[in-house]
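Numbering (the working numbering), first residue to last: 7 to 696.
Here a beta-carbon is modelled for each residue, glycine too, at the ideal position from N, C-alpha and C.
Only a predicted model underlies this, so the values are computations on that prediction, with no experimental measurement involved.
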């Protein structure tokens with residue numbers, strides 16, 4: 007009988023004793039430098055991580071078998087706010103966080119008293135880091151990862167901080183860093199800008215920010231201010247929607263009187279608007295009143311719309327029933343709801359005379375686009391939310407790319423919608439008839455601390471400007487010369503590159519490296535994990551020779567990575583022996599560039615794109631990345647893996663319930679890289695039996 011666990015343990019111990027996976031430069035051999043992303047040390051790893059890691063390990067073992075000299079290292083990511091969020095939540099006595107951490111620790115520890123003791127120690131962030139990094143190391147070894155552990159480090163190590171400081175000196179000198187004001191995702195509790203690593207499920211969500219245009223419709227002594235993504239439809243407005251049950255305010259906003267939802271004022275304050283609330287009232291007080299259209303001075307009736315979310319944008323919606331399926335259906339529903347009309351003492355004849363005003367023409371569509379798409383998706387009422395979402399998405403997409411503004415649109419007649427949008431915005435802004443606010447595309451984003459994520463505009467925020475100079479051109483040049491596998495993801499990279507503009511690269515709090523030229527800021531977790539593969543090539547020597555952080559000056563890194571400076575002078579300045587300096591420089595140039603990078607598709611929009619951008623910013627072309635291999639996520643029995651479903655399989659479970667060989671065989675053969683892998687227990691057992 008084949009006793010897999012005993013055999014695996016035996017050979018894993020033999021590998022460790024013989025240091026068989028430790029790789030050093032060998033001029034007689036062709037090298038391969040292979041990397042996976044380092045894991046974030048704030049929890050346990052599951053088989054989704056395992057699929058990515060085993061993919062890299064298979065390549066490493068394959069190349070070793072072919073006679074190549076293979077470097078395959080690993081480290082641990084700890085910077086940013088996720089670890090701090092755990093500690094802060096535990097200090098606040100947050101039961102949900104405590105239970106979550108107990109579940110994570112319980113994967114490796116059975117004793118309940120010991121679990122509690124360990125989790126209670128997590129009020130110190132470094133205890134979180136030390137515990138999970140050590141357990142991750144155990145798990146990676148248990149699935150047979152052939153890693154060179156001499157090169158292990160964390161992104162909180164002081165020697166690593168010095169490396170990142172050098173990186174940001176380089177970026178700043180080349181003009182890729184800027185300081186200013188820009189809309190960013192923000193957590194009010196943490197008082198910090200947040201990114202993918204700071205947001206729950208951040209890698210799986212769209213973290214883009216939408217710019218809304220606030221239209222100032224004259225109303226009483228001020229303005230009723232709806233917000234829209236489609237300001238070109240201003241010519242087709244028929245009425246305004248207010249949630250009669252919502253809380254609204256009359257407020258002084260930058261010296262003007264605005265009527266908006268109370269929640270909107272918090273958004274305004276975070277986006278550098280001066281806000282003074284004059285009084286609050288229920289939305290029903292506005293129902294039946296009228297505001298003036300900003301284009302024609304037509305009176306726009308204010309109608310009840312219980313569907314209006316007062317926490318979204320300004321809590322005021324302008325209605326364009328010819329071009330917005332939600333508005334079209336809401337208007338029909340209200341016209342047919344005599345109880346609602348009578349409840350708010352509305353003029354039934356006035357409501358029934360409201361008709362859609364078509365301002366955008368589409369070839370092949372008779373009637374208004376909103377009606378057409380509602381009929382196409384069989385929308386009957388506002389209750390058909392899913393169908394309405396589909397109708398809206400297709401309506402907006404088709405109009406944006408194919409729609410032509412008609413004669414009702416004054417100077418914009420005959421222009422395509424995609425061109426008219428910015429023209430309308432600019433005109434309204436110049437006439438002081440509009441303003442701007444910024445809102446996350448994804449609703450209800452949550453920071454890892456639990457707080458809702460908003461958009462804020464911070465003063466003196468540091469940004470990476472991906473459009474600076476020729477930076478984006480170099481990134482595209484690198485991408486065009488790289489191998490992307492599967493090939494279908496190349497277009498995704500190209501789209502991300504085109505979309506990238508400015509990105510905040512520093513926070514006011516968190517673990518990590520301080521900006522060397524502005525120490526009030528800490529470099530955020532996606533911005534300090536872009537060229538760390540370079541650090542693998544020298545870190546074992548730094549540790550072995552007990553090199554201190556203060557010896558790792560910019561002059562040191564210039565010499566090692568860019569071949570700048572005089573060997574004798576650098577040695578004297580850093581007090582590092584010439585022989586060691588020369589050895590480290592030679593080792594870096596032996597291993598670089600990275601030949602293979604293996605990870606998952608959710609990293610394309612962040613880690614992988616930044617990986618390319620930062621390499622081309624700092625290193626000469628011969629050191630640019632070569633190959634990226636991508637995988638899709640794992641699902642289990644047709645369902646997304648998640649704690650709520652009780653179907654998470656941790657890497658620690660592999661040794662207990664399966665075996666490393668069984669896992670590796672199944673995970674590498676059950677699906678191609680470019681598709682979701684569906685873990686099916688029956689199939690796993692069939693593989694075990696055969």
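Nearest-angstrom Cα separation, counted from residue j out to residue i
i	j	result
residue 507	residue 236	22 Å
residue 422	residue 515	46 Å
residue 380	residue 363	16 Å
residue 90	residue 433	45 Å
residue 419	residue 243	16 Å
residue 174	residue 594	20 Å
residue 281	residue 197	19 Å
residue 309	residue 689	58 Å
residue 565	residue 591	7 Å
residue 23	residue 155	12 Å
residue 443	residue 275	11 Å
residue 640	residue 207	15 Å
residue 26	residue 572	36 Å
residue 456	residue 193	9 Å
residue 557	residue 164	11 Å
residue 546	residue 553	10 Å
residue 663	residue 600	35 Å
residue 66	residue 665	20 Å
Reference residue i, options the options, closest by Cα
i	options	result
residue 107	124, 98 and 629	124
residue 494	607, 386 and 560	607
residue 121	179, 105 and 241	105
residue 484	41, 628, 238 and 513	628
residue 250	242, 287, 229 and 240	287
residue 518	168, 42, 18 and 428	168
residue 454	525, 19, 569 and 87	87
residue 182	632, 551 and 473	473
residue 217	461, 579 and 553	461
residue 401	438, 441, 328 and 458	328
residue 28	153, 673, 133 and 256	153
residue 31	543, 187 and 397	543
residue 204	677, 612 and 671	612
residue 290	269, 264 and 255	255
residue 92	50, 84 and 103	103
Three-state secondary structure (DSSP) of residue i
i	result
residue 509	strand
residue 62	helix
residue 688	helix
residue 258	strand
residue 228	strand
residue 220	strand
residue 695	helix
residue 99	coil
residue 535	coil
residue 51	coil
residue 371	coil
residue 119	helix
residue 577	helix
residue 422	strand
Cross-strand partners of residue i (DSSP beta bridge)
i	result
residue 646	641
residue 775	Within the shown structure, residues of the chain are numbered from 7 to 696, placing residue 775 beyond reach of any answer.
residue 298	305
residue 446	215
residue 401	Looking at the DSSP assignment, residue 401 forms no beta bridge with any residue, so it has no partner.
residue 527	Residue 527 pairs with nothing; no bridge assigned.
residue 193	198 and 459
residue 267	254
residue 233	220
residue 287	254
residue 39	77
Burial state of residue i (16 or more Cβ within 10 Å)
i	result
residue 283	exposed
residue 33	exposed
residue 683	buried
residue 305	exposed
residue 620	buried
residue 523	exposed
residue 166	buried
residue 311	buried
residue 644	exposed
residue 509	buried
residue 68	exposed
Proximity test, residue i beta-carbon vs the ligand COA heavy atom, cut-off 7 Å
i	result
residue 359	The model depicted lacks the ligand COA and carries no ligand whatsoever.
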